[in-house]
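Peer 1:
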Amino acid sequence: MRNDREAMEFDVVVVGAGPSGLSAAIRLKQQAQKNNRELSVCVLEKGSEVGAHILSGAVIETRVLDELIPDWKAKGAPLETMATKDKVLFLTEKSHIRMPTPPQMHNKGNYIVSLGRLCRWLGEQAEALGVEIYPGFAAAEVLYHEDGSVKGVATGDMGIAKDGEQTAQFQPGMELHAKQTIFAEGCRGSLTKTLFEKFDLRKDSEPQTYGIGIKELWEVPPAQHQQGLVIHTIGWPLSTDTYGGSFLYHLENNLVAIGFVVGLDYSNPWLSPYEEFQRYKTHPAIRPHLEGGRRISYGARSLAEGGFQSLPKLTFPGGVLIGDTAGFLNVPKIKGTHMAMQSGLVAADAIHQLLATEQSAGKEATQYPDSLKKTWMWNELYRVRNVRPSFRWGLWGGFAYSALDTALMGYAPWTLSHHEDHSQLKTKDQAHKIDYPKPDGKLTFDRLSSVYLSNTNHEENQRCHLQLKDAAVAIAINYTRYASPETRYCPAGVYEIVGEETGAPKLQINAQNCVHCKTCDIKDPTQNINWQVPEGGGGPNYPAM
Amino acid sequence: MKILVAVKRVVDFNVKVRVKADQSGVDLANVKMSMNPFDEIAIEEAVRLKEAGIATEVVVISAGPTQCQETLRTALAIGADRAILAETDAELQPLAVAKILKAVCEKEQPQLLIMGKQAIDDDSNQTGQMAAALLGWPQATFASKLTVANGEATVIREVDGGLETIALTLPAVVTTDLRLNEPRYATLPNIMKAKKKPLDVQPVAAMGIDVAPRLKTLKVTEPPKRSGGIKVADVAALVAKLKNEAKVI
Numbered sequence: 063m064r065n066d067r068e069a070m071e072f073d074v075v076v077v078g079a080g081p082s083g084l085s086a087a088i089r090l091k092q093q094a095q096k097n098n099r100e101l102s103v104c105v106l107e108k109g110s111e112v113g114a115h116i117l118s119g120a121v122i123e124t125r126v127l128d129e130l131i132p133d134w135k136a137k138g139a140p141l142e143t144m145a146t147k148d149k150v151l152f153l154t155e156k157s158h159i160r161m162p163t164p165p166q167m168h169n170k171g172n173y174i175v176s177l178g179r180l181c182r183w184l185g186e187q188a189e190a191l192g193v194e195i196y197p198g199f200a201a202a203e204v205l206y207h208e209d210g211s212v213k214g215v216a217t218g219d220m221g222i223a224k225d226g227e228q229t230a231q232f233q234p235g236m237e238l239h240a241k242q243t244i245f246a247e248g249c250r251g252s253l254t255k256t257l258f259e260k261f262d263l264r265k266d267s268e269p270q271t272y273g274i275g276i277k278e279l280w281e282v283p284p285a286q287h288q289q290g291l292v293i294h295t296i297g298w299p300l301s302t303d304t305y306g307g308s309f310l311y312h313l314e315n316n317l318v319a320i321g322f323v324v325g326l327d328y329s330n331p332w333l334s335p336y337e338e339f340q341r342y343k344t345h346p347a348i349r350p351h352l353e354g355g356r357r358i359s360y361g362a363r364s365l366a367e368g369g370f371q372s373l374p375k376l377t378f379p380g381g382v383l384i385g386d387t388a389g390f391l392n393v394p395k396i397k398g399t400h401m402a403m404q405s406g407l408v409a410a411d412a413i414h415q416l417l418a419t420e421q422s423a424g425k426e427a428t429q430y431p432d433s434l435k436k437t438w439m440w441n442e443l444y445r446v447r448n449v450r451p452s453f454r455w456g457l458w459g460g461f462a463y464s465a466l467d468t469a470l471m472g473y474a475p476w477t478l479s480h481h482e483d484h485s486q487l488k489t490k491d492q493a494h495k496i497d498y499p500k501p502d503g504k505l506t507f508d509r510l511s512s513v514y515l516s517n518t519n520h521e522e523n524q525r526c527h528l529q530l531k532d533a534a535v536a537i538a539i540n541y542t543r544y545a546s547p548e549t550r551y552c553p554a555g556v557y558e559i560v561g562e563e564t565g566a567p568k569l570q571i572n573a574q575n576c577v578h579c580k581t582c583d584i585k586d587p588t589q590n591i592n593w594q595v596p597e598g599g600g601g602p603n604y605p606a607m
Numbered sequence: 073m074k075i076l077v078a079v080k081r082v083v084d085f086n087v088k089v090r091v092k093a094d095q096s097g098v099d100l101a102n103v104k105m106s107m108n109p110f111d112e113i114a115i116e117e118a119v120r121l122k123e124a125g126i127a128t129e130v131v132v133i134s135a136g137p138t139q140c141q142e143t144l145r146t147a148l149a150i151g152a153d154r155a156i157l158a159e160t161d162a163e164l165q166p167l168a169v170a171k172i173l174k175a176v177c178e179k180e181q182p183q184l185l186i187m188g189k190q191a192i193d194d195d196s197n198q199t200g201q202m203a204a205a206l207l208g209w210p211q212a213t214f215a216s217k218l219t220v221a222n223g224e225a226t227v228i229r230e231v232d233g234g235l236e237t238i239a240l241t242l243p244a245v246v247t248t249d250l251r252l253n254e255p256r257y258a259t260l261p262n263i264m265k266a267k268k269k270p271l272d273v274q275p276v277a278a279m280g281i282d283v284a285p286r287l288k289t290l291k292v293t294e295p296p297k298r299s300g301g302i303k304v305a306d307v308a309a310l311v312a313k314l315k316n317e318a319k320v321i
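Protein chains in written order, with our numbering: chain A, 63 to 607; chain B, 73 to 321.
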């Protein structure tokens with residue numbers, strides 16, 4: 063117990079102002095209004111403003127938005143570009159083959175959006191309903207009652223220097239107590255990770271498997287802009303044993319969103335998702351979309367790809383998990399926003415019901431998973447559960463299996479399993495080195511000029527938020543055995559090996575570059591890197607990603 | 073003693089701005105905005121004067137669109153007592169802001185008007201000086217130390233080549249430089265409390281002030297790209313290059 067922190071009581075505290083957290087907050091207030099009840103809802107967001115840390119493709123289905131805010135159009139929701147044309151390309155190094163669009167990937171009626179902008183708008187809707195949103199404050203610690211149930215969260219202290227001492231600016235964090243706490247941290251939530259352990263929430267689930275998505279936003283000459291065009295690719299530059307692919311969406315105002323996703327179960331430690339993305343842009347089928355344009359934003363974020371069999375237990379005394387921190391993402395559809403929002407709605411309804419009963423503090427909202435199982439979402443997720451794991455047999459094996467699976471409509475009597483991403487790396491000598499081309503500064507860029515465009519900033523004098531459990535492992539294992547893969551999978555150049563020329567290599571962590579994608583926390587071969595929240599407000603400042 | 077602090081809502085310092093395709097200005101769509109950092113220093117200084125028992129009330133004012141309320145709430149969270157928004161969607165140039173400040177000073181009668189020495193968006197460095205002239209008050213710009221006692225303010229100013237100490241009779245205008253103080257964090261409890269502090273919105277249109285722009289922006293361009301450096305063999309080569317190519321010595 064700390065006595066230097068102020069505390070405040072709420073009915074519900076939501077951790078994270080993404081699509082799931084904001085949807086839950088909105089729904090709670092709507093239900094309270096309908097039932098004439100007072101309900102205080104507070105949302106904490108580690109980004110400097112709502113949307114600052116949101117990064118997604120994104121083509122979204124509106125079915126949940128339609129339910130949550132039916133008049134979203136009249137209320138000015140930033141959904142401006144309907145997806146009009148779908149293309150799926152298989153790329154070889156010099157050429158491409160147009161493939162039939164798989165049924166899950168038809169985007170008719172869907173919208174190409176900036177999820178960051180959508181979240182900002184959802185935030186406004188939530189505030190109009192009386193939700194209190196506090197961006198710039200990271201939930202850094204889960205608080206527990208004496209009986210072990212979740213009591214709420216505490217924000218991090220501000221003004222702790224690098225050396226751990228308090229600076230003149232020191233301000234203690236604040237405790238936010240709630241009858242129910244909703245964890246909506248997004249993929250690989252740092253508090254969710256501690257909850258998994260505390261309540262053993264993963265004991266009946268397969269390991270989670272992840273991907274890293276790297277994205278750029280381009281402004282292109284009007285003549286080559288085709289608003290509404292949606293292109294997905296597979297194949298080159300990835301080898302067939304690595305899962306991944308690209309997206310390229312033509313939004314409004316001559317904007318093109320382009321990105322690349324690599325499954326984090328890749329095995330070659332020499333692979334660099336960032337460089338794969340850069341060279342992908344030089345493909346003759348892709349280059350013409352960008353040429354003559356200018357890159358205006360950059361960022362990266364991990365995503366949960368494990369699907370149905372990797373879902374953890376969703377509730378525990380005093381709280382619930384929603385959205386991508388739980389792992390609601392439909393991999394073949396490459397969409398998760400609709401599911402994240404749906405989980406938020408269902409959780410909100412369950413919590414609203416629970417709060418109507420007496421003595422609801424610290425209780426478990428078991429109605430949430432029970433209801434969720436009865437919605438379309440559970441079935442949707444169940445039926446695609448075998449697609450992602452089938453790609454362990456490589457691209458062709460995955461294709462063959464997916465074709466079979468489609469024929470079975472997803473009702474195969476078996477469920478394929480996952481393995482943990484961090485255990486999949488070969489050693490540096492078992493895998494072939496990859497020679498990546500140098501950036502040209504026009505279409506392809508180096509990492510630092512990219513991070514620059516993410517507007518990332520962290521208060522310099524603070525404790526490093528990327529902690530090594532054992533500092534010696536960075537060289538003894540990561541460097542010696544795997545040639546420091548973190549220097550390649552980190553899309554922001556946070557990890558650097560220095561002093562190699564003197565024969566005394568050392569891992570340098572440039573934590574101020576971190577774009578909060580969480581890949582290091584996932585992929586580090588011995589799970590030696592622990593990602594914690596830095597001071598609130600730090601991290602990227604995405605304008606519209 | 074009452075202190076009035078003027079704050080401006082500007083593009084956040086972390087944002088890499090980019091010029092609009094038509095060169096009419098900087099693209100502000102979806103860009104994070106926050107309080108001008110120099111104005112944050114001004115608020116901090118005023119709050120410290122209040123905490124020291126010298127000031128009795130800190131009033132904060134901003135001029136601009138509705139969203140400036142967020143900026144004012146931040147100032148209230150740092151410790152200002154109440155806020156005024158002179159609301160307008162029109163473009164405001166330094167002279168227009170100075171006129172608004174004059175009108176508000178005449179009504180509020182503060183002893184000190186403090187603001188940042190300049191805003192990080194247009195870097196004009198004019199508003200404080202113009203407000204002082206319009207009000208007929210003494211001014212101390214680029215303040216790196218401020219002491220107030222016996223109806224007088226003593227200000228150490230950062231000037232070329234050193235520090236200048238001047239005394240002003242109150243009421244006066246002070247503009248803040250970087251070294252004046254290091255502003256505190258707006259804490260979560262204080263942000264929550266700031267929501268309940270009074271914020272008075274006054275339409276500029278009703279103030280009877282001519283805020284029409286006097287300056288016209290012809291075009292905005294990005295600075296030329298920096299070309300890569302070269303290594304020179306020795307000092308003589310460097311001197312030769314500075315003399316003959318760069319022509320700086």
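Note that beta-carbon positions come from the ideal geometry of N, C-alpha and C, so glycine has one too.
Just tell me which of B:D194, B:E294, B:K217 has its CA closest to the CA of B:D84.
Peer 2: Residue mapping note: residue 84 of chain B aligns to position 12 of the second sequence, counting from 1. With distances taken between Cα atoms, B:D84 lies closest to B:D194.
Peer 1: So, helix, strand or coil for A:I122, using DSSP?
Peer 2: Position 60 of the first sequence, counting from 1, holds the residue named residue 122 of chain A. Correct three-state label for A:I122: strand.
Peer 1: Between the region 94-106 of chain B and chain A, which residues of the former have a C-beta closer than 7 Å to a C-beta of the latter?
Peer 2: N102, V103, K104
Peer 1: Using a Cβ cut-off of 9 Å, which residues of the region 192-219 of chain B contact any Cβ in chain A, in chain order?
Peer 2: none
Peer 1: Taking DSSP's pairing of strands, which residues face A:H158 in a bridge?
Peer 2: Here residue 158 of chain A corresponds to residue number 96 of the first sequence, with the count starting at 1. A:L153.
Peer 1: Go through the region 94-139 of chain B residue by residue and report every complete run of the alpha helix (DSSP H) that reaches 4 residues or more, in order.
Peer 2: 109-123
Peer 1: Cα-Cα, which of A:L487, A:A410, A:H484, A:E482 is closest to A:L130?
Peer 2: Taking the first residue of the first sequence as 1, we reach residue 130 of chain A at position 68. The option with the nearest alpha carbon to A:L130 is A:A410.
Peer 1: If we call anything under 7 Å between Cβ atoms a contact, is A:H414 one with A:Q187?
Peer 2: Position 352 of the first sequence, counted from the start, is the residue given in the question as residue 414 of chain A. Position 125 of the first sequence, counted from the start, is the residue given in the question as residue 187 of chain A. Against a cut-off of 7 Å, the Cβ pair of A:Q187 and A:H414 comes out as no contact.
Peer 1: Name the DSSP beta bridge partners of A:G325, please?
Peer 2: For this step, residue 325 of chain A is matched to residue 263 along the first sequence. A:G325 pairs with A:G273.
Peer 1: So who's on the other strand from A:Q228, going by DSSP bridges?
Peer 2: As a first step, residue 228 of chain A is located in the first sequence; it is residue number 166 there, counting from the start. DSSP links A:Q228 through a beta bridge to A:I222.
Peer 1: Can the beta-carbon of A:I195 be found less than 7 Å from the beta-carbon of A:G185?
Peer 2: For the purposes of this step, residue 195 of chain A is taken as the residue at position 133 of the first sequence. For the purposes of this step, residue 185 of chain A is taken as the residue at position 123 of the first sequence. Yes; because the gap between Cβ atoms is below 7 Å, this pair is in contact.
Peer 1: Nearest to B:A215 by alpha carbon, out of B:A203, B:R229, B:L207?
Peer 2: Here residue 215 of chain B is taken as the residue at index 143 of the second sequence, counted from 1. Here the closest residue by C-alpha is B:R229.
Peer 1: Return the chain-ordered list of same chain residues with a C-beta closer than 6 Å to the C-beta of A:K395, the five sequence neighbours on each side being excluded.
Peer 2: In the first sequence, counting from the first residue as 1, residue 395 of chain A sits at position 333. Within the same chain, A:K395 has close Cβ partners Q166.
Peer 1: Could you name each continuous alpha helix (DSSP H) segment of 4 residues or more that falls completely within the region 432-517 of chain A, going from the start of the chain to the end?
Peer 2: With a minimum length of 4 residues, the continuous alpha helix (DSSP H) runs that stay inside the region 432-517 of chain A are 438-445, 449-452, 456-469, 509-514.
Peer 1: Just by C-beta distance, which residues in the region 344-360 of chain A are closer than 7 Å to chain B?
Peer 2: I358
Peer 1: What are the residues in the region 73-84 of chain A lying within 9 Å of chain B by C-beta distance?
Peer 2: none
Peer 1: Could you spell out the range, first to last residue, of the beta strand (DSSP E) harbouring A:F309?
Peer 2: Mapped onto the first sequence, residue 309 of chain A falls at position 247. Start and end: 306-312.
Peer 1: Got a sec: which bits of the region 547-559 of chain A sit with their beta carbon under 8 Å from any beta carbon on chain B, in order along the chain?
Peer 2: none
Peer 1: Any beta carbon from chain B within less than 7 Å of A:P283's own beta carbon?
Peer 2: Numbered from its first residue, the first sequence carries residue 283 of chain A at position 221. Output row for A:P283: interface = no.
Peer 1: Specify the secondary structure class of B:K313 as computed by DSSP and reduced to three states.
Peer 2: For the purposes of this step, residue 313 of chain B is taken as the residue at position 241 of the second sequence. Helix.
Peer 1: For B:A135, tell me which candidate among B:G300, B:G125, B:L167, B:D232 has the shortest Cα-Cα distance.
Peer 2: Start at 1 with the first residue of the second sequence, and residue 135 of chain B comes out as number 63. That would be B:L167, whose Cα lies nearest to the Cα of B:A135.
Peer 1: Report the CB separation of A:G290 from A:H312 in whole angstroms; it is logged as a contact under 8 Å.
Peer 2: Reading the first sequence from its first residue, position 228 is the one you call residue 290 of chain A. Reading the first sequence from its first residue, position 250 is the one you call residue 312 of chain A. Confirmed, Cβ separation roughly 6 Å.
Peer 1: Relative to chain B, which residues along the region 510-539 of chain A have a C-beta separation below 8 Å, given in chain order?
Peer 2: Y514, L515, N517, T518, N519
Peer 1: Shortest alpha-carbon distance to B:L290 belongs to which of B:L76, B:A93, B:G97?
Peer 2: Your numbering for residue 290 of chain B matches position 218 in the second sequence. The shortest Cα separation from B:L290 among B:L76, B:A93, B:G97 belongs to B:G97.
Peer 1: From the DSSP output, read off the bridge partner residues of A:R179.
Peer 2: One-based indexing of the first sequence puts residue 179 of chain A at position 117. BP columns for A:R179 are empty, so no partner.
Peer 1: Can you find a C-beta in chain A that's less than 7 Å from the C-beta of B:P261?
Peer 2: Position 189 of the second sequence, counting from 1, holds the residue named residue 261 of chain B. Output row for B:P261: interface = yes.
Peer 1: For B:S216, which of helix, strand or coil comes out of DSSP?
Peer 2: Working through the second sequence from its first residue, we reach residue 216 of chain B at position 144. Residue state, collapsed to three classes: strand.
Peer 1: Taking C-beta to C-beta, are A:S364 and A:C249 nearer than 7 Å?
Peer 2: Here residue 364 of chain A refers to the residue found at position 302 of the first sequence. Here residue 249 of chain A refers to the residue found at position 187 of the first sequence. Yes, the Cβ-Cβ distance between A:S364 and A:C249 is below 7 Å.
Peer 1: According to the neighbour-count rule (16 or more other Cβ atoms, all chains shown, within 10 Å of its Cβ), is A:E420 buried or exposed?
Peer 2: Locating residue 420 of chain A in the first sequence gives position 358, where the first residue counts as 1. A:E420 is exposed by the Cβ-count criterion.
Peer 1: From the beta carbon of A:Q286, is the nearest beta carbon of chain B less than 7 Å away?
Peer 2: Looking up residue 286 of chain A in the first sequence gives position 224. It does not: the Cβ of A:Q286 has no partner Cβ on chain B nearer than 7 Å.
Peer 1: Taking B:T237 as part of the beta strand (DSSP E), name the residues at either end of that continuous run.
Peer 2: For the purposes of this step, residue 237 of chain B is taken as residue 165 along the second sequence, with counting starting at 1. Element bounds for B:T237: 234-241.
Peer 1: Spatial neighbours of A:E281 within its chain, please: CB distance less than 7 Å, with the 5 preceding and 5 following residues excluded, ordered by chain position.
Peer 2: Reading the first sequence from its first residue, position 219 is the one you call residue 281 of chain A. Excluding residues within five positions, the ones whose Cβ falls inside 7 Å are N316, L317, G355, R356, I358.
Peer 1: Would you say A:P605 reaches chain B, if we count a Cβ-Cβ gap shorter than 7 Å as a contact?
Peer 2: On the first sequence, residue 605 of chain A is found 543 positions in, with the first residue counted as 1. Closer than 7 Å to some Cβ of chain B, the Cβ of A:P605 qualifies, so yes.
Peer 1: Between the C-alpha atoms of A:T295 and A:L151, what's the straight-line distance to the nearest angstrom?
Peer 2: Position 233 of the first sequence, counted from the first residue, corresponds to residue 295 of chain A. Position 89 of the first sequence, counted from the first residue, corresponds to residue 151 of chain A. One alpha carbon belongs to A:T295, the other to A:L151, and they sit about 5 Å apart.
Peer 1: Under 9 Å, CB to CB, which of the residues in the region 173-188 of chain A have a partner in chain B?
Peer 2: S176, G178, R179, R182
Peer 1: Please check the pair A:G325 and A:Y342, which I expect to be a contact at CB under 8 Å, by giving their CB distance rounded to whole angstroms.
Peer 2: Numbered from its first residue, the first sequence carries residue 325 of chain A at position 263. Numbered from its first residue, the first sequence carries residue 342 of chain A at position 280. At roughly 15 Å, the Cβ-Cβ gap does not stay under 8 Å, so A:G325 and A:Y342 are not in contact.
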